[in-house]
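Structure record follows, encoded as structure tokens.
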Amino acid sequence: MKKKNTLSFEKKIMRLEEISDLLEAEDTQLEDAIKFFEEGIELSKECLISLKSAELKITELKKKIDSINISSKEAGRKNTGGENS
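Residues 1186 to 1270, numbered by the working numbering, are exactly what the sequence shown covers, in order.
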């Protein structure tokens, strides 16, 4: 069940929900449950990696915005002569 790598984050979450339902079903055989559980663990791992990557990107973008804001404030002070205030 390694083919799930190409799924989007949202599709992986949807598949995890399906797997959860299958694991809760009374008629799911033990061998199938183990396969579903294994697939769910792999999908969970991939989703966590995606979330960590997104978190890192957001942190980097925030730093860029902060540096732009700091630069524009400094430029404003220099243009208005506000450094002696």
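Positions of the beta carbon are idealized from the N, C-alpha and C atoms, including for glycine. It should be emphasised that the depicted structure is a prediction, and the values quoted were computed from it without experimental measurement.
Check: Which residue spans inside the segment 1188-1248 form an unbroken alpha helix (DSSP H) run of at least 4?; Outcome: 1194-1209
Check: Enumerate in chain order the residues of its own chain whose CB-to-CB distance from Thr-1213 is below 6 Å, with the five nearest sequence positions on each side excluded.; Outcome: Leu-1207
Check: For the 8 Å Cβ check, are there 3 or more pairs between the segment 1190-1197 and the segment 1219-1226?; Outcome: no
Check: What does the alpha-carbon distance come out to for the pair Cys-1232 and Glu-1259?; Outcome: 41 Å
Check: Let me check you understand the geometry: is the CB of Lys-1230 closer than 6 Å to at least one non-hydrogen atom of the ligand SAH?; Outcome: This structure lacks the ligand SAH, and indeed carries no ligand of any kind.
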